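Protein sequence lines, in the order shown, are assigned to chains C and S. Numbering of the first sequence is given in UniProt numbering, commencing with residue 1 and proceeding in unit increments. Numbering of the second sequence is given in UniProt numbering, commencing with residue 1 and proceeding in unit increments.
There are 2 protein chains.
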Amino acid sequence: MADDSTPPSAQLAAVTVSDDASVLKAEFSDRVLIRSIISRPDGGSGLAGQKIRIGGWVKTGRKADKDAFAFLELNDGSCASNLQVIVKADKYDLGQLVQTGTCLSVDGVLKLPPDGKKQKVELDVDKVIHVGPVDPAKYPLPKTRLTLEFLRDHVHLRSRTNTISAVTRIRNALAFATHSFFHKHGFLYVQTPIITTSDCEGAGEMFQVTTSFSEAEKLEKDLIENPPPSEADIEAAKLIIKERGDDVAQLKSAKASKQEIGAAVAELKKAKDNVLKMEERSKLKPGIPQKDGKVDYTQDFFARQAFLTVSGQLQVESYACALSSVYTFGPTFRAENSHTSRHLAEFWMVEPEIAFAELEDDMNCAEAYVKFLCQWLLDDCREDMQFMADKIDKTCIDRLTMVAKTPFKRITYTEAVDLLIDAVKKGKKFENHVEWGIDLASEHERYLTEVLFQKPVIVYNYPKGIKAFYMRLNDDLKTVAAMDVLVPKVGELIGGSQREERYDVIMSRIEEMGLPAEPYEWYLDLRRFGTVKHCGFGLGFERMVLFATGIDNIRDVIPFPRYPGRADL
Amino acid sequence: MADDSTPPSAQLAAVTVSDDASVLKAEFSDRVLIRSIISRPDGGSGLAGQKIRIGGWVKTGRKADKDAFAFLELNDGSCASNLQVIVKADKYDLGQLVQTGTCLSVDGVLKLPPDGKKQKVELDVDKVIHVGPVDPAKYPLPKTRLTLEFLRDHVHLRSRTNTISAVTRIRNALAFATHSFFHKHGFLYVQTPIITTSDCEGAGEMFQVTTSFSEAEKLEKDLIENPPPSEADIEAAKLIIKERGDDVAQLKSAKASKQEIGAAVAELKKAKDNVLKMEERSKLKPGIPQKDGKVDYTQDFFARQAFLTVSGQLQVESYACALSSVYTFGPTFRAENSHTSRHLAEFWMVEPEIAFAELEDDMNCAEAYVKFLCQWLLDDCREDMQFMADKIDKTCIDRLTMVAKTPFKRITYTEAVDLLIDAVKKGKKFENHVEWGIDLASEHERYLTEVLFQKPVIVYNYPKGIKAFYMRLNDDLKTVAAMDVLVPKVGELIGGSQREERYDVIMSRIEEMGLPAEPYEWYLDLRRFGTVKHCGFGLGFERMVLFATGIDNIRDVIPFPRYPGRADL
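1) Taking DSSP as the reference, what is the three-state secondary structure of S/MET513?
2) Assign C/TYR92 to one of three DSSP states: helix, strand, or coil.
3) Report the rounded CA-to-CA distance for C/ALA173 versus C/PHE329, giving the unit in angstroms.
4) Return the chain-ordered ranges of every alpha helix (DSSP H) run that is complete within the UniProt domain "WHEP-TRS" (233-289) of chain C and spans a minimum of 4 residues.
5) Is S/ALA433 buried or exposed, if buried means 16 or more other CB atoms sit within 10 Å of its CB?
6) Select from S/LEU47, S/ALA137, S/SER78, S/ASP124 the residue whose C-alpha is nearest the C-alpha of S/VAL85.
7) If you measure from the beta carbon of S/ASP339 to each beta carbon in chain C, is any gap under 7 Å?
8) Entirely within the region 106-147 of chain C and at least 4 residues each: give me those alpha helix (DSSP H) ranges in chain order.
9) Could you give the DSSP three-state label for S/PRO463: helix, strand or coil?
10) Beta-carbon separation of S/ALA320 and S/ALA355 under 7 Å?
11) Going along chain C in order, which residues have a C-beta closer than 8 Å to the C-beta of S/ASN432?
12) Any Cβ of chain S within less than 7 Å of the Cβ of C/ASN364?
13) Between C/GLU431 and C/ALA441, what straight-line distance do the alpha-carbon atoms span, to the nearest angstrom?
14) Using alpha carbons as the reference points, say which of S/ALA254, S/GLU353, S/PHE307 lies closest to C/ASP209.
15) Going by alpha carbons, who is nearest to C/ILE224 out of C/SER198, C/ARG509, C/PHE537, C/LYS285?
16) 7 Å is my cut-off, CB to CB: does S/ILE37 come that close to chain C?
17) Between which two residues does the beta strand (DSSP E) harbouring S/ASN75 extend?
18) Flag this pair as touching only if the region 341-348 of chain C and the region 248-267 of chain C have three or more C-beta atom pairs under 8 Å; answer yes or no.
19) On the premise that C/LEU72 lies in contact with C/LEU97, defined as a C-beta separation below 8 Å, what is that separation, rounded to the nearest angstrom?
20) Can you give me the Cβ contacts of C/CYS103 inside the same chain, cut-off strictly under 6 Å, excluding the 5 residues immediately before and after it?
21) Quick one: list the residues of chain S neighbouring C/ALA482, beta-carbon separation under 7 Å, in chain order.
22) Taking the alpha-carbon positions, what's the C/ALA21 to C/LEU47 distance?
23) Work out the CA separation of C/ARG342 and C/ARG555 for me, nearest whole Å.
24) Within the 7 Å Cβ cut-off, does C/HIS534 reach chain S?
25) Would you mind sorting S/PRO519 into buried or exposed? The rule is 16 or more other CB atoms within 10 Å of its CB.
26) Within 10 Å of its beta-carbon, does residue 618 of chain S have 16 or more other beta-carbons around it, so buried, or fewer, so exposed?
27) Going by alpha carbons, who is nearest to C/LEU452 out of C/ASN461, C/TYR460, C/VAL417?
28) Give every residue of the same chain whose Cβ lies closer than 6 Å to the Cβ of S/ARG566, excluding the five residues on either side of it in the sequence, and list them in chain order.
29) Skipping 5 residues on each side, what residues in its chain have a beta carbon closer than 8 Å to that of C/GLY536?
30) Relative to the C-alpha of C/LYS371, which candidate in C/GLU443, C/VAL457, C/GLN259 has its C-alpha closest?
31) To the nearest angstrom, how far is the alpha carbon of S/LYS478 from that of C/ASP115?
32) Mind listing the chain S neighbours of C/ARG399? Cutoff is C-beta to C-beta under 7 Å, in chain order.
33) Please compile the residues from chain C whose C-beta is within a distance smaller than 7 Å of the C-beta of S/THR531.
34) Output yes if chain C places a C-beta closer than 7 Å to the C-beta of S/ILE554; else output no.
35) Closer than 7 Å, CB to CB, is C/SER324 near chain S or not?
36) For C/GLN386, does the three-state DSSP call read helix, strand or coil?
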């Protein structure tokens with residue numbers, strides 16, 4: 001176990017590589033991570049002679065020297081590199097070990113390979129501790145190169161491939177870099193709700209969250225097992241009331257004892273209760289509860305319609321208006337029937353919100369954050385980035401470097417439209433017509449960042465007609481203080497704005513846009529009481545992974561992609 | 001903007017306090033955080049003479065010296081402490097400024113207060129930059145002490161209170177500490193899915209995710225606006241087919257031109273298509289799609305029933321069986337109609353999973369993680385922890401210290417039951433009967449950790465009958481390699497187990513428990529191909545916040561609590 005007695009913040013840089021070049025540390029198991037060997041400056045050669053335990057899965061294996069031993073390339077997912085492992089035939093059935101996908105845990109001694117070998121160190125196996133075999137005839141992931149599309153049908157095994165495991169490590173690094181960046185700058189992480197009864201600006205189709213189906217199923221089952229009473233049953237039960245009533249009357253007129261009368265009255269009450277219960281039960285109908293011809297959501301878990309969030313922005317604003325600098329980082333959802341390579345039904349968003357800040361502060365924060373992410377990958381994920389450059393997109397490292405180093409170009413929406421119109425005049429063809437007032441299409445955004453400026457571009461001050469009610473109205477009364485960050489490869493990476501903090505202005509914007517005020521009363525309270533200038537933005541986390549890795553399909557940069565017709569596992 | 005040119009990992013300890021004692025740094029706005037003044041070792045006194053901009057909300061304000069100036073306690077949420085701000089009457093309407101909840105942004109000069117004052121530094125205001133006023137007659141959060149229960153009805157404003165903002169900062173610290181711990185030990189963060197078609201061990205009631213209601217509503221609206229064709233309409237349209245057919249026949253027998261015949265055939269085709277469409281449309285029925293008397297989920301977004309996850313464990317296992325050390329940290333859901341102070345419908349879970357590891361490694365990891373969290377709070381959240389100790393639970397700091405320093409007691413379930421039976425013999429009364437085979441109740445767990453051992457206790461090797469199918473069967477064939485971490489104040493904080501890696505054993509466990517194998521085929525694949533010993537656990541994040549803060553109700557330690565009947569915002 002690690003020594004955690006030094007203050008935690010001082011330990012952050014430690015990762016798994018010990019500072020002492022001669023010691024390998026196991027992490028909550030007997031084995032050491034392959035990364036802790038390979039990622040040393042000496043590639044592990046300084047560890048020769050050490051006895052260690054290693055675990056991993058065989059990437060490729062081959063027998064050599066007339067089957068006297070086997071060379072196995074072992075990978076444990078801690079880094080892209082494999083450790084070469086040599087097993088002699090007297091240690092285990094080599095035919096088993098050389099199969100791709102076999103799991104192996106071994107004790108052995110690190111040694112320097114013969115001159116001229118690529119690797120800096122290899123492991124000579126003393127003892128095979130564990131084998132998880134693979135029948136190559138049945139294994140869905142043979143050694144041959146598999147397409148990312150094929151792998152989507154094997155989402156539970158695809159993390160065993162070089163590409164998906166590299167993407168996973170890069171995604172992990174981007175997530176930790178995100179938390180580190182905001183922590184460093186004094187932002188508090190606020191976990192905004194997933195289930196919501198608010199709709200952020202009607203940002204698109206929402207998934208509904210319900211227990212109505214399961215409740216209806218339960219009721220249906222119950223009604224089959226215990227059928228509700230028929231009218232005849234109820235009539236019969238009513239007759240019993242009458243009889244019991246007669247009994248009481250008779251006893252009274254016969255001047256029976258108090259006790260006798262009391263007992264008869266109790267029986268009468270029981271009969272009445274029974275009829276009430278029967279009548280109640282006879283009203284039960286199978287199916288989803290209805291009222292006035294509509295679904296009756298008051299019977300649902302939250303006593304009203306509830307949805308999966310499309311953005312945590314409105315909720316996180318309520319925390320910014322108290323704690324100044326906050327951010328949320330969580331899953332968001334869109335129920336759009338979209339089958340493109342850019343859309344998911346479930347995806348992650350990073351949404352910071354800053355109080356006492358205006359649009360320029362927002363742009364500064366967004367630029368610093370994106371640069372920080374790029375620099376982090378260049379510093380901490382070099383091996384995986386090199387893999388992506390070799391196999392997926394040869395420009396990806398250059399792109400990260402350029403974004404990390406180059407000041408972002410900042411232009412107003414009006415300037416952007418003028419530039420696009422100029423381009424059209426000079427012969428550039430766009431599918432979508434360009435004029436002031438349009439929402440920029442992806443082709444326009446990519447032209448600006450990829451062709452015209454060849455660096456990240458921030459477009460700001462958009463026409464109010466194409467933006468949400470909560471964006472701050474500029475003094476020209478035509479535009480709002482919104483901004484989008486455009487980057488090569490993916491186009492829009494970030495969208496943000498200064499929020500309208502003036503109660504009267506936001507109220508008239510809500511009216512102007514024909515929105516009902518009632519659902520936003522709580523949001524308006526933030527302007528009614530101690531209002532503050534504030535701004536924020538949202539970064540689509542998977543878009544950032546696409547940007548970094550050069551992968552084309554967003555379904556390949558999230559562990560378990562959800563899209564129309566598919567929610568495997 | 002901050003200088004981000006040094007490698008990110010080297011910057012982590014920076015937070016917002018500059019190392020240079022004479023410089024205050026603004027973070028993406030003109031203002032400096034109050035924390036960056038107050039949290040200095042000198043309490044900010046060394047900054048006297050500096051001109052700065054500050055923003056925040058007035059906690060309390062009072063006029064003094066015959067209304068010549070006002071003293072305001074200003075808080076910006078960056079720390080528990082307020083900064084005392086002094087405004088002279090010629091700067092602004094003091095009657096406005098002294099109202100609790102007023103937002104204020106000011107330029108001023110830091111100065112040393114007169115001797116004998118509690119604060120080390122105060123701000124003399126030069127200029128009032130912004131005021132967000134409050135009408136005290138309407139403000140829902142007056143200065144008087146408010147109960148946490150009252151605040152739950154004002155979830156959008158409650159982060160402005162001392163208690164909820166302190167809880168928010170502690171929760172933020174625990175989240176960052178969690179990511180830091182796993183990063184440090186080489187674990188990769190894997191974001192497991194929120195929407196799922198798997199059910200983790202049938203762990204309780206699940207919320208269903210659907211678009212069926214909104215689709216049905218759309219269809220209903222459409223059918224009102226464009227009523228489906230009647231049978232008579234369709235018959236009339238069929239007549240047109242006949243007419244068009246006759247036209248074609250006539251033209252053919254009249255040896256009309258190819259062109260004329262072609263046009264008539266096209267008309268005929270059109271008429272036929274029209275009938276097909278009308279017939280299709282006439283079949284549309286309002287309401288949720290049904291098939292064979294049941295809801296037809298093939299029409300739903302994911303083409304099957306989909307739910308909100310109750311745990312990411314099964315999915316994260318698929319990553320552990322490729323990348324060795326992984327964890328998920330995300331929202332999980334239970335649709336239980338539970339109104340206790342310990343249950344939420346939406347809550348966050350931390351779930352690490354380690355390959356090449358057994359139950360003891362699991363316990364080591366859990367113990368190291370909990371200790372790390374406690375030490376982190378003691379190091380980094382001292383002021384907020386002191387606030388909780390003063391206002392909520394005077395034992396909370398002692399509890400953190402004890403857990404950070406004391407080795408956890410480890411006992412088997414059998415030993416635990418024996419100890420409880422002993423206690424009963426000696427006169428201890430439990431509501432729930434104790435015998436081997438029972439699931440330990442909360443009262444038993446708290447007795448073990450709070451009374452008997454007075455420190456954290458790990459109970460392991462539980463009877464298989466009360467545990468899930470995926471837990472590894474011990475050699476005694478009666479118990480499984482499960483473990484629970486019990487801590488004072490909350491009882492069970494962590495539940496974990498070694499997972500059954502043997503294909504034959506897990507298959508017979510599935511059969512034994514009467515579970516269908518089909519939904520778990522993907523999970524069984526992890527055992528079929530390259531199986532590995534692995535283990536993991538889950539920590540209920542809100543339970544950890546309860547444990548740390550001493551707050552009693554779980555609804556007060558999550559920003560936006562969800563429970564039966566309530567999903568505000």
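No residue lacks a Cβ here, since even glycine has one placed at the ideal position from N, Cα and C. For clarity, every value in this text was computed on a predicted model and none was experimentally measured.
Judging by the given coordinates:
1) S/MET513: coil per DSSP, three-state reduction.
2) Here C/TYR92 sits in coil by DSSP.
3) Each residue's alpha carbon lies about 14 Å from the other.
4) Within the UniProt domain "WHEP-TRS" (233-289) of chain C, the complete alpha helix (DSSP H) segments at least 4 residues long are 258-282, listed from N- to C-terminus.
5) According to the sequence shown, residue 433 of chain S is His rather than Ala. Under this definition S/HIS433 is an exposed residue.
6) For the residues S/LEU47, S/ALA137, S/SER78, S/ASP124, the minimum Cα distance to S/VAL85 belongs to S/ASP124.
7) The residue you asked about is not Asp; residue 339 of chain S is His in the sequence shown. Not an interface residue.
8) Those alpha helix (DSSP H) runs which fall completely within the region 106-147 of chain C and span 4+ residues do not exist here.
9) The answer is strand: DSSP assigns S/PRO463 an E or B state.
10) Between S/ALA320 and S/ALA355, the CB-CB gap stays under 7 Å.
11) Under the 8 Å cutoff, chain C gives no residues; its nearest Cβ is about 27 Å from S/ASN432.
12) Chain S has a Cβ within less than 7 Å of the Cβ of C/ASN364.
13) Approximately 9 Å between the Cα atoms of the pair.
14) According to the sequence as given, residue 209 of chain C is Val; it is not Asp. Measuring from the Cα of C/VAL209, the nearest candidate turns out to be S/PHE307.
15) Closest option to C/ILE224, judged by alpha-carbon separation, among C/SER198, C/ARG509, C/PHE537, C/LYS285: C/LYS285.
16) Cβ-Cβ to chain C under 7 Å: no for S/ILE37.
17) First-last of the beta strand (DSSP E) with S/ASN75: 69-75.
18) Between the region 341-348 of chain C and the region 248-267 of chain C, the count of Cβ pairs shorter than 8 Å is below three; the stretches do not touch.
19) Rounded, the Cβ-Cβ distance is 6 Å, consistent with contact.
20) In chain order, TRP57, GLY132 place their CB closer than 6 Å to the CB of C/CYS103, counting only its own chain and leaving out the 5 sequence neighbours on each side.
21) Residues of chain S passing the Cβ test: none, with the nearest at roughly 17 Å.
22) Unreliable positioning characterises C/ALA21 in this predicted model, as indicated by a pLDDT of 47, which lies under 50. The coordinate reading is nonetheless provided below. The C-alpha of C/LEU47 is placed about 8 Å away from the C-alpha of C/ALA21.
23) Pairing C/ARG555 with C/ARG342, the inter-Cα distance amounts to about 8 Å.
24) Against chain S, the CB of C/HIS534 has no partner CB under 7 Å away; the residue lies outside that interface.
25) Taking all protein chains in view, the Cβ of S/PRO519 is surrounded by fewer than 16 other Cβ atoms within 10 Å, so the residue is classified as exposed.
26) Lying before the first or after the last residue shown, residue 618 of chain S is absent from chain S, which here runs from 1 to 569.
27) It is C/VAL417.
28) Hits under 6 Å: none found.
29) For C/GLY536, where only same-chain residues beyond five positions count, the Cβ hits under 8 Å are GLN313, VAL316, GLU317, ALA320, GLU351, PRO352, GLU353, ILE354, ASP362, GLY496, SER497, ARG499.
30) For the residues C/GLU443, C/VAL457, C/GLN259, the minimum Cα distance to C/LYS371 belongs to C/VAL457.
31) Computed Cα separation, rounded: 55 Å.
32) Neighbours of C/ARG399 on chain S: none; closest Cβ ~18 Å, over 7 Å.
33) Close to S/THR531, with beta-carbon spacing below 7 Å, are these residues of chain C in chain order: CYS103, GLY132.
34) Answer no: the Cβ-Cβ gap between S/ILE554 and chain C never drops below 7 Å.
35) Yes, because at least one Cβ of chain S sits closer than 7 Å to the Cβ of C/SER324.
36) In the structure shown, C/GLN386 sits in a helix (DSSP, three-state: H, G or I).
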